[in-house]
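Here's the structure, in structure tokens; my notes come after.
Numbering (the working numbering), first residue to last: 123 to 471.
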């Protein structure tokens, strides 16, 4: 087991290419589409920025606080709000295509499965509406509010979706009908957003006593393959890459497990709760922390490659594109960063 730590050489920080003030905390993951970065802020504004320079290209007033990040598929942005609405917008212009009125808050990032948008709602239901019209196709009742993001099956043979509920269950639903395939109890409180990879679905859970578990379940029937315990809640969506599972938890740690058996490979200690779901890109793990820092870690060893300190909590998942890393902060800014490589350092000396 490795314990991630700062490398022997002096730390290299991320370089700010640009930053944009959105006027309120940015707590969700930015979405990328062509040369646009689409970002939600706590003031209910959804903004399309130039991914290259950070200039505002369009903005949309969603009518309520946005508690989950946008999804962009086929040039359409889907976003839910605390004003009980799901909006579909043109990604290039920000022009509204349709709005679906929900019975309660939508704090679940939607996913698109063929012609359906599937998402959770705080009225305890999972909903599917048509991508073109917003007309409701089906709904499925769980035992508590659904703030987990919905994940589609990674298998082309199995058109299922997976979603966690605050009732402690992970649900597998048939995407075309919403009928229950299976459900598996994982804890007695919240369940994180799941990730499907191969024939396995990975998901974190939390207990009322404060502990957490990372689970690996068989997609076909929900059978448990393994689980890994931590001392605090796991609320992050796991990233699965190269046979490894990466996630953060409330012990302030970022973890790497072997995907086949759940054994720990390494753990990196931050100075704050990790509620920012990690992503892996080109051998680097990116995750934010409540200590206001974005961390870039070597995916194999867990060693710190570089970091960037903002002036507010980082809760949202970062995004990557064109050799840049995008992340929002409670300090009201969204940042576009590039790592300051050692070749660049030598050039500057």
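Note that CB positions come from ideal geometry on N, CA and C, so glycine has one too.
Everything numeric in this text was worked out from a predicted model, so none of it was measured.
Evaluate residue 357 with the Cβ neighbour count: other Cβ atoms within 10 Å of its Cβ, from every protein chain shown; 16 or more gives buried, anything less gives exposed.
buried
Quick check: what's the CA-CA separation for residue 148 versus residue 162?
6 Å
Enumerate in chain order the residues of its own chain whose CB-to-CB distance from residue 351 is below 8 Å, with the five nearest sequence positions on each side excluded.
333, 334 and 335
Out of 239, 244, 171 and 246, state which residue places its alpha-carbon closest to the alpha-carbon of residue 253.
239
Where residue 398 falls, given that 16 or more other Cβ within 10 Å makes a residue buried
buried
Spatially closest choice to residue 422 from 452, 344, 362 and 169, by CA coordinates
362
Please report the straight-line C-alpha distance between residue 190 and residue 269, rounded to a whole angstrom.
8 Å
At the level of alpha carbons, what is the spacing between residue 138 and residue 146?
20 Å
Per DSSP, what kind of secondary structure is residue 308 in: helix, strand or coil?
coil
I'd like the span of the beta strand (DSSP E) that includes residue 327, first residue to last.
322–328
Helix or strand or just coil, what does DSSP make of residue 229?
coil
Neighbourhood of residue 454 by C-beta, 8 Å cutoff - its chain only, sequence neighbours within 5 removed:
143, 144, 145, 146, 147, 148, 163 and 434
Using a Cβ distance threshold of 8 Å, determine whether the stretch 302–309 contacts the stretch 242–249, with at least three qualifying pairs required.
no
Go to residue 363, then tell me how far its beta strand (DSSP E) extends in each direction, as first and last residue.
361–363
Kindly identify the DSSP beta-bridge partner or partners of residue 378.
368 and 388
Secondary structure of residue 416, DSSP reduced to three states
strand
Between which two residues does the beta strand (DSSP E) harbouring residue 252 extend?
247–252
Rounded to whole angstroms, what is the Cα-Cα separation between residue 228 and residue 203?
5 Å
Let me check one thing: in DSSP terms, what residues is residue 262 bridge-paired to?
248
Can you give the Cα-Cα distance for residue 487 and residue 182, rounded to whole angstroms?
Examination of residue 487 is not possible in this model, given that the chain is present from 123 through 471 alone.
Distance, residue 265 Cα to residue 288 Cα
7 Å
Can you find the residues in the same chain that come closer than 6 Å, C-beta to C-beta, to residue 315, ignoring five residues on each side of it along the sequence?
270, 271 and 359
Minimum Cβ-Cβ distance from residue 215 to chain B less than 8 Å:
Among the chains of the structure shown, chain B does not appear; only one protein chain is present.
Does DSSP classify residue 341 as helix, strand or coil?
coil
Could you round the C-beta distance between residue 302 and residue 295 to whole angstroms and report it? I think they count as a contact, below 8 Å.
6 Å
Assign residue 218 to buried or exposed, taking buried as 16 or more other Cβ atoms, counted over all protein chains shown, within 10 Å of its Cβ.
exposed
From the DSSP output, which residues share a beta bridge with residue 408?
401 and 418
According to DSSP, is residue 373 part of a helix, a strand, or is it coil?
coil
Is the Cβ-Cβ distance between residue 187 and residue 170 less than 8 Å?
no
Could you name the residues of the same chain whose beta carbon sits closer than 6 Å to that of residue 321, not counting the 5 residues immediately before and after it, in chain order?
341
Between which two residues does the beta strand (DSSP E) carrying residue 461 extend?
455–461
Where does the unbroken beta strand (DSSP E) through residue 162 begin, and where does it stop?
158–162
Counting along the chain, where does the beta strand (DSSP E) carrying residue 448 start and finish?
446–450
Under the rule that 16 or more other beta-carbon atoms within 10 Å means buried, what is residue 257, buried or exposed?
exposed
Residues of its chain near residue 286, where Cβ-Cβ distance is below 7 Å and the 5 sequence neighbours each way are ignored
270, 292, 313, 314, 315, 316 and 325
Run through DSSP, which three-state label would residue 348 get?
strand
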